[in-house]
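All remarks here apply to the structure that follows.
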Amino acid sequence: MRNALIDLLCELADNDPDIWLLTADLGYSVLERFAERFPERYINVGVAEQNMVGIAAGLALSGKRVVIYSIVNFVTMRCLEQIRNDICAHGANVVIVGVGAGYSYGAQGYTHHGLEDISVMRALPGLDVTAPGNCLEAEAVLRVAMQHDGPTYIRLEKDAGASASLPLKDIERGRMACYREGGHAAIVATGGMLGEALGAAELLERDGLSVAVWSCPWITPLDTATLDLLTQRHDVILTAEEGVINGGLGSATALALANVAAKSRLLVAGVGEVLSVPTLSQTSARNYHALDAAGLAARLLSVCSGHEVSDLLG
Amino acid sequence: MNDGLDDVRAETLTHCNDSIDLARRARLHVLQMVHHANASHVGTCFSIADILAVLYSGILRVDPSQPQHPDRDRFILSKGHAAAVLYSILAESGYFPHTFLGKFCDDHSPLAGHATHKDVPGVEVSTGALGHGLSLGCGMALAGRCAATPFSVYVALSDGELNEGAIWEAAMFAGHHGLSNLTAIVDANGLQGFGTVREVLNLEPLADKWAASGWSVAEVDGHDHPGLRHAMTQAAARQKTPTVIIARTVKGKGVSFMENKLEWHYRSPNDEQLAQASAELEGAS
Numbered sequence: 000m001r002n003a004l005i006d007l008l009c010e011l012a013d014n015d016p017d018i019w020l021l022t023a024d025l026g027y028s029v030l031e032r033f034a035e036r037f038p039e040r041y042i043n044v045g046v047a048e049q050n051m052v053g054i055a056a057g058l059a060l061s062g063k064r065v066v067i068y069s070i071v072n073f074v075t076m077r078c079l080e081q082i083r084n085d086i087c088a089h090g091a092n093v094v095i096v097g098v099g100a101g102y103s104y105g106a107q108g109y110t111h112h113g114l115e116d117i118s119v120m121r122a123l124p125g126l127d128v129t130a131p132g133n134c135l136e137a138e139a140v141l142r143v144a145m146q147h148d149g150p151t152y153i154r155l156e157k158d159a160g161a162s163a164s165l166p167l168k169d170i171e172r173g174r175m176a177c178y179r180e181g182g183h184a185a186i187v188a189t190g191g192m193l194g195e196a197l198g199a200a201e202l203l204e205r206d207g208l209s210v211a212v213w214s215c216p217w218i219t220p221l222d223t224a225t226l227d228l229l230t231q232r233h234d235v236i237l238t239a240e241e242g243v244i245n246g247g248l249g250s251a252t253a254l255a256l257a258n259v260a261a262k263s264r265l266l267v268a269g270v271g272e273v274l275s276v277p278t279l280s281q282t283s284a285r286n287y288h289a290l291d292a293a294g295l296a297a298r299l300l301s302v303c304s305g306h307e308v309s310d311l312l313g
Numbered sequence: 000m001n002d003g004l005d006d007v008r009a010e011t012l013t014h015c016n017d018s019i020d021l022a023r024r025a026r027l028h029v030l031q032m033v034h035h036a037n038a039s040h041v042g043t044c045f046s047i048a049d050i051l052a053v054l055y056s057g058i059l060r061v062d063p064s065q066p067q068h069p070d071r072d073r074f075i076l077s078k079g080h081a082a083a084v085l086y087s088i089l090a091e092s093g094y095f096p097h098t099f100l101g102k103f104c105d106d107h108s109p110l111a112g113h114a115t116h117k118d119v120p121g122v123e124v125s126t127g128a129l130g131h132g133l134s135l136g137c138g139m140a141l142a143g144r145c146a147a148t149p150f151s152v153y154v155a156l157s158d159g160e161l162n163e164g165a166i167w168e169a170a171m172f173a174g175h176h177g178l179s180n181l182t183a184i185v186d187a188n189g190l191q192g193f194g195t196v197r198e199v200l201n202l203e204p205l206a207d208k209w210a211a212s213g214w215s216v217a218e219v220d221g222h223d224h225p226g227l228r229h230a231m232t233q234a235a236a237r238q239k240t241p242t243v244i245i246a247r248t249v250k251g252k253g254v255s256f257m258e259n260k261l262e263w264h265y266r267s268p269n270d271e272q273l274a275q276a277s278a279e280l281e282g283a284s
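Chains A and B, in that order, give the protein sequences.
So the first sequence is numbered by numbering that gives the first Met the number 0: it starts at 0 and just counts up by one.
So the second sequence is numbered by numbering that gives the first Met the number 0: it starts at 0 and just counts up by one.
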């Protein structure tokens with residue numbers, strides 16, 4: 000994902016002399032290709048995220064389009080006030096790229112678990128919050144972000160696959176994308192959870208449940224029109240995110256559905272209010288939080304089965 | 000529009016050749032504004048009034064009638080709590096009508112208590128949380144030195160603000176990258192939230208700290224207009240390093256009962272104090 004994103008950024012920078020890239024001393028073996036091609040527009044500011052955000056805002060307010068790069072927590076929370084005041088309050092054209100989202104750095108301890116970033120970034124006014132599920136989505140999000148008048152946060156992890164099944168035309172700013180049709184329920188996944196959601200749908204098919212899978216690359220702005228449509232189509236909607244549920248995609252969806260007469264039942268899968276386990280691989284962490292395909296499938300199966308029972312009783 | 004800024008600067012020089020009088024008028028505006036709004040920060044406005052008056056009297060290459068001119072010099076009031084005096088200087092310079100000042104902090108007024116750019120011509124960025132301005136200035140200076148018509152960037156900091164770690168991230172950055180078109184001015188009035196800077200978190204030797212980060216350092220009396228003008232002119236001429244001007248100032252400067260008094264960081268003058276302070280400032284003309 001990182002490589003695809005930087006390759007595209009190089010392509011865009013070839014045609015736009017105002018594109019700059021800043022890093023806070025992370026991105027070894029990823030950013031060199033930009034640095035070598037555009038040395039005058041690449042700066043490693045050192046390990047100083049607050050300064051990086053301020054510099055990016057200052058450049059953007061002087062007519063540049065600036066991409067800043069670091070690990071999720073460092074580039075969102077270490078410099079949160081700078082993002083709020085210097086970028087968002089001024090509508091500065093800065094794209095914040097956070098890598099290693101969720102449990103990507105699973106066994107590396109609490110400090111590197113990127114779990115609260117969606118919630119925190121969602122609270123900021125005027126900031127697009129995105130979590131692409133695969134390389135195709137990442138490229139589409141970056142293209143949109145670099146044209147958009149205002150800032151964007153891009154949350155990256157590993158490619159969840161399924162790029163081949165996605166028509167490019169389906170990715171527009173603020174739109175969800177359908178990867179699989181289904182009737183009984185729908186899973187709305189963001190970021191790398193797309194892969195787990197598709198896996199869950201396959202498992203459920205064996206149990207006779209037909210489940211739609213949608214990817215939600217833009218948590219802000221949220222595709223409320225499609226969500227509204229899903230509530231008309233499905234009895235159950237399950238949101239899936241590798242992050243805390245307080246304030247994340249599930250919260251955003253609940254808020255959106257609270258404003259319409261939604262008949263669907265909403266289930267939210269994510270990380271609860273617990274301190275993360277410091278040493279779990281991403282695979283193990285997804286299993287621990289029931290965020291893997293089996294966990295998501297089990298959650299839906301129990302609820303959908305319950306629906307069937309109550310329908311019979313009713 | 001790439002014409003006119005040099006002419007404008009010359010006109011500004013002529014128009015405001017008495018920066019001392021500009022500072023006096025700005026202080027009088029501030030008194031009325033903080034009294035009207037029952038607002039804090041009169042002391043900090045008075046300590047930096049002379050610095051701003053000199054900056055806007057021929058140092059900054061700006062055109063008040065074209066506040067978004069791409070070639071303009073940028074000024075950032077990183078100590079955004081001194082907004083009232085910046086607004087006063089901007090109004091006096093012709094950026095917006097004086098009537099704005101009379102609505103300081105009123106509901107839906109563009110002039111908020113901390114520096115706010117929205118709908119306020121001449122305010123580059125919104126500030127108020129300390130420690131942000133120098134990084135913004137670094138970004139603008141990077142853009143300024145590779146612009147078709149290079150521009151300079153000036154950032155005003157408070158000494159208490161230098162407690163913020165982000166300032167030193169930016170200081171190291173500017174020194175490392177030789178941002179010679181960047182000038183920081185420290186309004187060193189020696190007071191911060193709970194007492195003197197020396198008591199709360201001693202900054203000295205302050206000049207050495209900046210020098211160690213690769214900056215050229217000038218220390219001046221922050222109320223001496225020719226001295227300030229000389230230091231700013233020298234800063235503008237430097238080619239290799241950023242410059243910091245450590246301006247030693249007096250909080251509440253110009254009003255006897257406010258000078259060097261911590262409480263005038265917080266208090267707003269009552270009617271009687273307003274009258275006395277105004278009389279003292281009027282008498283200084």
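Glycine included, C-beta positions come from ideal geometry on N, C-alpha and C.
Exposure of residue i, with buried meaning 16 or more beta-carbon neighbours within 10 Å
| i | result |
| --- | --- |
| residue 104 (chain A) | buried |
| residue 136 (chain A) | buried |
| residue 0 (chain B) | Low confidence applies to residue 0 (chain B): its pLDDT is 36, below 50, so where it sits in the model is not reliable, and the reading given next is rough at best. Label assigned to residue 0 (chain B): exposed. |
| residue 148 (chain B) | exposed |
| residue 285 (chain A) | buried |
| residue 281 (chain A) | buried |
| residue 97 (chain B) | exposed |
| residue 359 (chain B) | What the structure shows of chain B is the stretch from 0 to 284, and residue 359 (chain B) is not part of that stretch, so it cannot be assessed. |
| residue 33 (chain A) | buried |
| residue 24 (chain B) | buried |
| residue 64 (chain A) | buried |
| residue 22 (chain A) | buried |
| residue 287 (chain B) | The question about residue 287 (chain B) has no answer, for chain B in this structure spans 0 to 284. |
| residue 80 (chain B) | buried |
Strand pairing of residue i, partner residues [DSSP]
| i | result |
| --- | --- |
| residue 68 (chain A) | A:22 and A:96 |
| residue 153 (chain B) | B:74 and B:182 |
| residue 43 (chain A) | A:22 |
| residue 191 (chain B) | B:194 |
| residue 220 (chain B) | B:247 |
| residue 238 (chain A) | A:187 and A:267 |
| residue 215 (chain B) | B:242 |
| residue 26 (chain B) | Bridge partners of residue 26 (chain B): none, in fact. |
| residue 176 (chain A) | A:214 |
Which of helix, strand or coil DSSP assigns to residue i
| i | result |
| --- | --- |
| residue 152 (chain A) | strand |
| residue 184 (chain A) | strand |
| residue 127 (chain A) | strand |
| residue 101 (chain A) | strand |
| residue 31 (chain A) | helix |
| residue 109 (chain A) | helix |
| residue 244 (chain B) | strand |
| residue 223 (chain A) | helix |
| residue 170 (chain A) | coil |
| residue 275 (chain A) | coil |
| residue 276 (chain B) | helix |
| residue 259 (chain A) | coil |
| residue 209 (chain A) | coil |
| residue 266 (chain B) | coil |
| residue 243 (chain A) | strand |
| residue 145 (chain B) | coil |
| residue 308 (chain A) | The pLDDT assigned to residue 308 (chain A) is 39, lower than 50, so where the model puts this residue is not dependable; a value taken from the coordinates is nonetheless given after this. Note: residue 308 (chain A) maps to helix in three-state DSSP. |
| residue 46 (chain B) | helix |
Whole-angstrom C-beta distance between residue j and residue i, which should lie under 8 Å
| i | j | result |
| --- | --- | --- |
| residue 49 (chain B) | residue 224 (chain B) | 6 Å |
| residue 78 (chain B) | residue 156 (chain B) | 6 Å |
| residue 214 (chain A) | residue 193 (chain A) | 5 Å |
| residue 173 (chain A) | residue 217 (chain A) | 5 Å |
| residue 98 (chain A) | residue 150 (chain A) | The Cβ separation is near 17 Å, so there is no contact. |
| residue 82 (chain A) | residue 52 (chain A) | 6 Å |
| residue 56 (chain A) | residue 91 (chain A) | 5 Å |
| residue 205 (chain B) | residue 245 (chain B) | 6 Å |
| residue 42 (chain B) | residue 264 (chain B) | 5 Å |
| residue 154 (chain B) | residue 133 (chain B) | 5 Å |
Cβ of residue i within 7 Å of any chain C Cβ
| i | result |
| --- | --- |
| residue 172 (chain B) | Chain labels in this structure do not include chain C; the protein chains are A and B. |
Interfacial residues, the stretch 129-145 of chain B to chain A, with Cβ spacing under 9 Å: 130, 131, 132, 133, 134, 135, 136, 137, 138, 139, 140, 141, 142, 143 and 145
Members of the stretch 47-62 of chain A near chain B, C-beta cut-off 9 Å: 47, 48, 49, 50, 51, 52, 53, 54, 55, 56, 57, 58, 59, 60, 61 and 62
Residues, ordered as in the chain, of the stretch 16-45 of chain A that lie near chain B by beta-carbon distance below 8 Å: 39, 42, 44 and 45
Chain-ordered residues of the stretch 73-88 of chain A with a beta carbon less than 7 Å from chain B: 80, 81, 84, 85 and 88
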